[in-house]
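Visitor: Once you've had a glance at the structure underneath, I'll fire off some questions.
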Amino acid sequence: MAKVLVVDDDAHIRELVRLYLEDEGFEIIEKSNGEEALQYAENHIVDLVILDIMMPKMDGWVLCENLRAFGEMPILMITAKGEATDRIKGFKLGTDDYLVKPFDPVELVLRVKALLKRYRISTASEIQLGTITLDRKRYQVIYSNGQTMTLPMKEFEVLYKLGSNPGQLFTRSHLIEHIWGIDYEGDDRTVDVHIKRLRERFTDCESDFRIVTIRGLGYRLEVRPD
53 MAKVLVVDDD AHIRELVRLY LEDEGFEIIE KSNGEEALQY AENHIVDLVI
103 LDIMMPKMDG WVLCENLRAF GEMPILMITA KGEATDRIKG FKLGTDDYLV
153 KPFDPVELVL RVKALLKRYR ISTASEIQLG TITLDRKRYQ VIYSNGQTMT
203 LPMKEFEVLY KLGSNPGQLF TRSHLIEHIW GIDYEGDDRT VDVHIKRLRE
253 RFTDCESDFR IVTIRGLGYR LEVRPD
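Numbering (the working numbering), first residue to last: 53 to 278.
Put into structure tokens, the structure is as follows:
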């Protein structure tokens, strides 16, 4: 299922959100301040972030701005402030949706599901590529004989993105934006390097899938039929 990062210095709010979202099958990661949340997001795949504005060490505004550097993940703000100016500021910084405390937990669940649907994020934590399974919780590739291989995070994200949409063309700029973030300043040839490494790692798996180059456009992953 999708992984949701919940950031709030109020333990009762975190527990409420966790209980309702876990009941819907989501994996919940809790952090009590913006610094801890940012550190986690820098090193782990996160599908959606729920955050408060007023927090110690790093507030929700700064956290939201930093998270946007990682790409297009949905961000939902939960705050005690309901002024229009705060909502406008949040949207300008990249917030996707907004809830004011006290909130209805059922409405929260519906908004989370709507955001994931809008971003077309799969709620599954595993996908199948022929006889190979990609485990998004552990960045692992699981082979049919039970052996596993752990990939570097960016390589895994590229493979998971392509594998989640077999047959769909992804341009280099699309992959850069969604995996490295819109503020990435490196060369888009970074994508080519990661694709090359993935092909080298999976040379023995061509009967399961292959990554195809569409010259001048980008890449797509093709799953071989059984």
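Think of the CB as a built atom: it goes at the ideal place given N, C-alpha and C, for glycine as much as any other residue. Please read all numbers here as calculations on a predicted model, not as lab measurements.
#1: What is the rounded straight-line gap between the Cα of V114 and the Cα of D60?
#2: Can you tell me whether K169 is buried or exposed, with buried defined as 16 or more other CB within 10 angstroms of its CB?
#3: Please list the segments of the beta strand (DSSP E) lying wholly inside the segment 137-210, counting only runs of 3 or more residues, in order along the chain.
#4: Tell me whether E79 sits in a helix, a strand or coil according to DSSP, three-state version.
#5: Tell me, please, whether the segment 186-196 touches the segment 234-246 by the rule of three or more beta-carbon pairs shorter than 8 Å.
#6: Which one or two residues does DSSP pair with I105 in a beta bridge?
#7: By Cβ distance below 7 Å, which residues in the same chain neighbour R70 in space, the five residues on each side in sequence not counted?
#8: My understanding is that V98 touches T131, with C-beta atoms under 8 Å, so please give their C-beta distance in whole angstroms.
#9: Look up G215 in the DSSP assignment and say whether it is helix, strand or coil.
#10: Hey, quick one: how far does the beta strand (DSSP E) through E274 stretch, first residue to last?
#11: Among residues of its own chain, excluding the 5 on either side of V210, which ones have a beta-carbon nearer than 8 Å to its beta-carbon?
#12: Assuming Y150 and I179 form a contact by the criterion Cβ under 8 Å, report the distance between their Cβ atoms to the nearest whole angstrom.
Guide: On the basis of the coordinates in this document:
#1: Taking the straight line joining both Cα atoms gives about 14 Å.
#2: K169 should be labelled exposed.
#3: Inside the segment 137-210, DSSP marks whole beta strand (DSSP E) runs of 3 or more residues at positions 149-152, 178-181, 184-187, 192-194 and 200-202, from first to last along the chain.
#4: Here E79 sits in strand by DSSP.
#5: Because the criterion of three Cβ pairs below 8 Å is not met, the segment 186-196 and the segment 234-246 do not touch.
#6: Beta-bridge annotation (DSSP): I105 is not paired with any residue.
#7: Result list for R70: V58, I80 and E82, in chain order.
#8: That belief does not hold up - the Cβ atoms of V98 and T131 are roughly 20 Å apart, past 8 Å.
#9: It is helical.
#10: Its beta strand (DSSP E) spans residues G270 to V275.
#11: If we look at V210 and ignore the five residues flanking it on each side, its Cβ neighbours are L227, I231, V243, H246, I247 and L250.
#12: About 31 Å separates the beta carbons of Y150 and I179, which is beyond the 8 Å limit, so they are not a contact pair.
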